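Here is the structure we will look at.
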Amino acid sequence: MKRKIYFLICFLLVLLFSYTGLQKWMHIQKTLYNMRNQLFSRPVADILAYGLPFVEMAVAILLIFVSTRKLGLYLSFLLLFLFTSYVAAILLGVFHRVPCSCGGIIDSLGWTAHLWLNLFFLFISLIGIRYHTIFMHEQGKPKTCRIE
-3 MKRKIYFLIC FLLVLLFSYT GLQKWMHIQK TLYNMRNQLF SRPVADILAY GLPFVEMAVA
57 ILLIFVSTRK LGLYLSFLLL FLFTSYVAAI LLGVFHRVPC SCGGIIDSLG WTAHLWLNLF
117 FLFISLIGIR YHTIFMHEQG KPKTCRIE
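Numbering (this note's numbering) for the sequence shown: -3 to 144.
As structure tokens, this is what we get:
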């Protein structure tokens, strides 16, 4: 059962990051506009607007392959931690401007729903890391996790 949950977690994370990365890339002008509307300086906003979709797609690809899945899970956790912290700061009123630079249907969520969605994915990425570690230990393979 844990293996099925593990694969479901990886699948959901691949869907999340490939979907949001593609949405941001396909609507790069909107992404650029939204990033420039944040607190960041224009050069930082431009780097984020072009870099974030690339990073999200890279994480999705890392999660697909067994040999890179561990790195993909850790990067998923890191990205989701950063995104969740940002949304929490918005809900706490830290920022005076709060445009959403998300993609697709996620863009239509309110900030509270966005926080819950991020917390869900943050939680499952942590479970994915734990299961990955368990499966590596069971198989005695310190570097990869070959699951049959």
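Even glycine gets a Cβ: it sits at the ideal position worked out from N, Cα and C.
Predicted model, so just to flag it, every value in this text is computed and none were measured.
For residue i, the first and last residue of its enclosing alpha helix (DSSP H)
i	result
Leu78	65 to 87
Asn33	No alpha helix (DSSP H) holds Asn33; DSSP gives it neither H nor E.
Met132	107 to 135
Met53	38 to 60
Ser14	-2 to 22
Selection from the options that minimises the alpha carbon distance to residue i
i	options	result
Thr16	Pro49, Asp42, Leu35	Pro49
Tyr46	Asp103, Phe116, Trp21	Trp21
Thr108	Val83, Ile120, Leu69	Val83
Phe61	Phe3, Glu134, Ser121	Phe3
Gly106	Lys66, Val40, Ile86	Ile86
Rounded Cβ spacing between residue i and residue j (contact assumed at less than 8 Å)
i	j	result
Leu208	Phe91	Because residue 208 is not part of the residues shown, which for the chain are -3 to 144, the question remains open.
Glu52	Phe13	4 Å
Arg93	Asn33	6 Å
With a cut-off of 8 Å, do at least 3 Cβ pairs link the segment 121 to 131 to the segment 63 to 76? yes
Contact the segment 4 to 11 vs the segment 53 to 66: 3+ CB pairs below 8 Å: yes
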